[in-house]
Amino acid sequence: MNLTLHVWRQKGPNDSGAFETIQASGISEHMSFLEMLDFVNEKLESDGKQPIVFEHDCREGICGCCGFMINGQPHGGRPRTTVCQLHMREFSDGEELTLEPWRAAAFPVVKDLMVDRNAFDRIIEAGGYVSVRTGSPQDANALPIEKDHASRAFDAATCIGCGACVAACPNAAGMLFTGAKVTHLGLLPQGEPERYTRVVAMTEQHDAEGFGHCTNHGECSAYCPKGISLDVIARMNADLLKAQFKNRD
Amino acid sequence: MSWLLRFTKSTIGLKVIMALSGLALFGFVIGHMLGNLQIYLGETTLDHYGESLKSNAGLLWIIRATLLGILTAHVVSSVKLVLRSKAARPQGYKQWKSKVSTYASRTMKMSGPIVLAFLVYHLLHFTVGFDSLGLGDTAVSTTIEHCSHVAAGELDCPVYANVIKGFSAPAIVAFYIFAQLLLGMHLGHGAYSMFRTLGLNNPRYDRLARAFATGVAVVIVVGNCSIPLAVLTGVVGG
Ligand code: FES
């Protein structure tokens, strides 16, 4: 099939960037979206042009590297699907597709469709960990964890940090990402001791990175390739509120 | 106390201020509506209600000042948050598609200022007695002669007569109804959002919270709109 792509081209962080229209012809419906871009890039390169830059690694929906907007929807909008797992059969011949990078002050564009998501790493560095020596593995059942807590912590832990939540949010908030980590660690006995200092540190870092606020639209969760629930944000809010009473310094 | 300052400056802290002040204002709107619905109980009841509100000037001013403070907190926090949100996405999308957000949620920052502007008009209209937009020659007075209670020297607060006069112009009634619809939308999302901002969410009660917010918003719109409509159509005071 043949497609018309309107791709955001930006040479570097300081370039102002603009859309470029590129014809993609001879696309197989079995290609993944990224394979389609590889195919287009080969053609661009053989024509002596710059290939479209996009981030990718695992191409199996688990690493969180890939992601950009397709026609105004993060990862193309297919439920629980990263763009590397999106296939061209979702599109039809002759369709026009607008490809844009995530747009957020905290995610500056590196080049074309690739953005710098180090802001997420800095939020994790602020408290998204458990400060204990793990030692040698203990008996698997030595530490009882309620099933409901284990499940919710696991669900929150499936976040791959792709940034679609920020991209989808009308306020460019990083709340779903931050809430997922706060929820994941706060629900487990290993993370519980640092629960209230963590939530303060991580949310302060979130703000310092220049993300916006949550207005409970729910777009983040709807576009999250892992379907992380909006409830993680409510839990983070509750934890931050409780932290005002629990923390002593 | 530096922790409190840090919290109130944080994005979530500002949202908590929005939620708590919003809750108080939400309560006020319900009380205000219930009070005004007494118009259906007749002139005497409404006028005595008005008189009782005004009977303790000191308390009245304390309540007014508190409400103004709460409203200011709500507005100032929202302005701060909207500015942050703008700064968080300096360059917008060429295309952006909504999947689940509602019209009400996306227009909070528009419905809010319009309702605030209406509030100023409403206060000038009924408390000061000045139709600031010139929508009809219906500026109310605090001493309407034809009010039987005032004429008899029993009361100096002709609430009922003022309401009848205030809603005698269709343009004013239309503006009130428009503002009430926006208020309903604002509260419909705001009340639901409040639960989540305060961390009061549980999947068990999520639909209930949504239904509660929408339900109360509808009741407020219907209750508040019924008064100007009843006056205009002559059901009340006709
Ligand atoms: S490339 Fe790893 S999730 Fe898409």
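Chains as they are written, first to last, in our numbering: chain B, 1 to 249; chain X, 1001 to 1238. Each residue gets a CB set at the ideal place from its N, CA and C atoms; glycine is no exception.
Please tell me whether A1019/X and M1194/X are closer than 8 Å, where the distance is taken between their beta carbons.
Yes.
Measure the CB-CB distance between G191/B and M236/B and report whether it falls below 8 Å.
Cβ distance not < 8 Å, so G191/B and M236/B don't count as in contact.
Measuring from the CB of H1186/X, is there a heavy atom of the ligand FES at a distance below 7 Å?
Outside the cutoff, so no.
How about A168/B and C84/B: are their beta carbons less than 8 Å apart?
Contact flag unset, no.
Using 10 angstroms around the beta-carbon of Y129/B, count the other beta-carbons present and answer buried if the total reaches 16, otherwise exposed.
Y129/B should be labelled exposed.
Just to check my reading of the structure: G67/B and H75/B have Cβ atoms closer than 8 Å, yes? What is that Cβ distance to the nearest angstrom?
6 Å between Cβ atoms; contact.
Should N1069/X be listed as close to the ligand FES, given that the test is whether its C-beta is under 7 Å from any heavy atom?
One detail in the question is off: residue 1069/X reads as Gly in this sequence, not Asn. No, since every heavy atom of the ligand FES falls outside the 7 Å radius drawn around the Cβ of G1069/X.
Does the beta-carbon of I62/B, which I'm using as the reference point, lie nearer than 7 Å to any heavy atom of the ligand FES?
Indeed, a heavy atom of the ligand FES lies less than 7 Å from the Cβ.
Starting from F154/B, find everything on chain X with Cβ-Cβ shorter than 9 Å and list it in chain order.
Within 9 Å Cβ-Cβ: nothing; F154/B doesn't reach chain X, min ~16 Å.
Thinking C-alpha only, which one of F211/B, G174/B and I27/B is nearest L230/B?
Looking at the Cα atoms, G174/B is the closest of the given residues.
Exposed or buried, what is A1117/X when buried is set at 16 or more other beta-carbons lying within 10 Å of its beta-carbon?
Classification for A1117/X: exposed.
If I follow the unbroken alpha helix (DSSP H) through L240/B, where does it start and stop?
D231 to K246 is the extent of the alpha helix (DSSP H) around L240/B.
Determine the burial state of K246/B: buried for a count of at least 16 other Cβ atoms within 10 Å of its Cβ, exposed for fewer.
It is exposed - the Cβ of K246/B has fewer than 16 other Cβ atoms within 10 Å.
With a 10 Å radius around its C-beta and 16 neighbouring C-beta atoms as the bar for buried, classify E1145/X as buried or exposed.
Because E1145/X sits at a pLDDT of 48, beneath the cut-off of 50, its placement in the model cannot be relied upon, and the following sentence gives the value as read from the coordinates. E1145/X is exposed by the Cβ-count criterion.
Would you check whether the ligand FES has a heavy atom nearer than 7 Å to the C-beta of H56/B?
H56/B: yes, Cβ under 7 Å from the ligand FES.
Using the Cα positions of G135/B and L143/B, report the straight-line distance between them to the nearest angstrom.
Each residue's Cα considered, the two are about 15 Å apart.
Alpha carbon to alpha carbon, how far is A140/B from G1190/X? Give it in angstroms, no decimals.
About 45 Å.
Could you name the residues of the same chain whose beta carbon sits closer than 8 Å to that of H87/B, not counting the 5 residues immediately before and after it, in chain order?
Taken in chain order, the residues that qualify are E29, H30, M31, S32 and F33.
Roughly how many angstroms separate the alpha carbons of T1143/X and P1158/X, rounded to a whole number?
Residue confidence for T1143/X is low, a pLDDT of 48 falling below 50, so the modelled location carries little weight; the figure read from the coordinates is stated next. Using only the alpha carbons, I get a separation of about 7 Å.
Tell me the rounded alpha-carbon separation between A150/B and I228/B.
Rounded to whole angstroms, A150/B to I228/B spans 15 Å at the Cα level.
Check the Cβ-Cβ distances between P13/B and every residue of chain X, and say whether any is below 8 Å.
No - not a single Cβ of chain X is within 8 Å of the one on P13/B.
Taking the alpha helix (DSSP H) that W1061/X belongs to, which residues open and close that run?
Segment A1057 to A1088, the alpha helix (DSSP H) holding W1061/X.
For the structure I just gave you, are there three or more beta carbon pairs, one from the segment 1168-1179 of chain X and one from the segment 207-220 of chain B, closer than 8 Å?
No, the segment 1168-1179 of chain X does not touch the segment 207-220 of chain B.
When the Cα of S1078/X is compared with those of M1108/X, L1059/X, R1064/X and K1097/X, which residue comes out closest?
With distances taken between Cα atoms, S1078/X lies closest to M1108/X.
Leaving out five residues before and five after R152/B in sequence, what residues of the same chain have Cβ atoms less than 6 Å from its Cβ?
L187, listed in sequence order.
Following a CB-centred definition, is C224/B positioned closer than 7 Å to any heavy atom of the ligand FES?
No.
Does the ligand FES have even one heavy atom less than 7 Å from the beta-carbon of I233/B?
Incorrect: I233/B has no Cβ contact closer than 7 Å to the ligand FES.
Can you pull the chain X neighbours of Q205/B, defined as C-beta to C-beta under 8 Å?
Within 8 Å Cβ-Cβ: nothing; Q205/B doesn't reach chain X, min ~11 Å.
Nearest-angstrom Cα distance between N14/B and A1211/X?
About 48 Å.
What is the DSSP secondary structure of C169/B, reduced to helix, strand or coil?
Coil, per DSSP.
Quick one: which residues of the segment 1090-1114 of chain X get their C-beta closer than 7 Å to a C-beta of chain B? List them in chain order.
Going along the segment 1090-1114 of chain X in chain order, one finds P1090, Q1091, G1092, Y1093, K1094, Q1095, W1096, K1097, S1098, K1099, V1100, S1101, S1105, R1106 and M1108 with a Cβ nearer than 7 Å to chain B.
Just the Cα atoms here: how many angstroms apart are E42/B and Q23/B?
Computed Cα separation, rounded: 13 Å.
Against Q281/B, what residues of chain X qualify as contacts under a CB-to-CB distance less than 8 Å, listed in chain order?
The structure shown does not extend to residue 281/B, since chain B spans only 1 to 249, so no value can be given for it.
Relative to chain B, which residues along the segment 1195-1212 of chain X have a C-beta separation below 9 Å, given in chain order?
Here the close residues are F1195, R1196, T1197, L1198, G1199, L1200, N1201, N1202, P1203 and D1206.
Cα-Cα, which of Q205/B, P170/B and T158/B is closest to L185/B?
The shortest C-alpha separation from L185/B is found at T158/B.
Should the segment 1068-1084 of chain X be called in touch with the segment 1007-1027 of chain X, which here means at least 3 C-beta pairs below 8 Å?
They touch, by the three-pair rule.
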